[in-house]
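Working notes for the structure below.
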Amino acid sequence: MAVFEASVELACSPETVFEFLVQPENIRLITPSSVMLVFDAAPQQLSLGARMEFRVQAYGVVRSAVHDVTEWDEPRKFVERQVEGPLGSWEHEHFFTPISHGCRVTDRITFVPPGGVLGLLINERKIRESLEDGFGHRHHELEKQFGTPSGAA
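Mapping to the working numbering: the sequence shown position 58 is 42, numbers consecutive.
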């Protein structure tokens, strides 16, 4: 299993950004447009046991996936896991930590690249590069939405 982790510091409370990120429509808005994220089925607001069915464009091909919310500790953490999708496994942990003048949002993704021929094309390095680009964009959008605390980069 591979692990990717990225964080951003925001000038808002954990409760505020948690509330924002548990709305799938907001996830779509902060995701790079090149990913072409489309939710086929998702609640307006996530909660424990919620299911999201969606499509994304990755490596020139549209792929479908289903994720379930498997852990919920509002406003500190929630976890979504791939139930169906192209990767061997995928778990996305979202952490919301209070800091001086705001909060830190940390995304930790634990994944296994796909097997078979697809795994030869979509390997760990390529997945990491995509995650770096995607979460760099998302975190920049969050900074625009909520600002950064004094002294944060």
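We treat Cβ as the ideally placed atom computed from N, Cα and C, and that holds for glycine.
Thr0: member of the alpha helix (DSSP H) spanning Pro(-2) to Leu5, first to last residue. Per DSSP, reduced to three states, the secondary structure at Ile93 is strand. With respect to the C-alpha of Val(-8), the residue from Glu113, Thr90, Lys128 and Ser114 having the closest C-alpha is Thr90. Per DSSP, Pro82 lies in no alpha helix (DSSP H) segment; the continuous beta strand (DSSP E) that holds it begins and ends at Ser73 to Ile83. Residue pairing by DSSP places Asp57 opposite Lys61 in a beta bridge. Three or more Cβ pairs drawn from the stretch 65 to 74 and the stretch 34 to 51 lie within less than 8 Å of each other, which places the two stretches in contact.
Check the Cα spacing between Thr0 and each of Gln28, Pro59 and Ser18: the tightest is with Pro59.
For the pair of segments examined, the stretch 10 to 26 was found to touch the stretch 116 to 123: the number of CB pairs separated by less than 8 Å reaches three. Taking all protein chains shown into account, Glu64 has 16 or more neighbouring C-beta atoms within 10 Å of its C-beta and is therefore buried. If you draw a straight line from the Cα of Ile83 to the Cα of Ala(-5), it comes to about 9 Å. In the DSSP assignment, Leu(-6) falls within the unbroken beta strand (DSSP E) covering Ala(-14) to Leu(-6).
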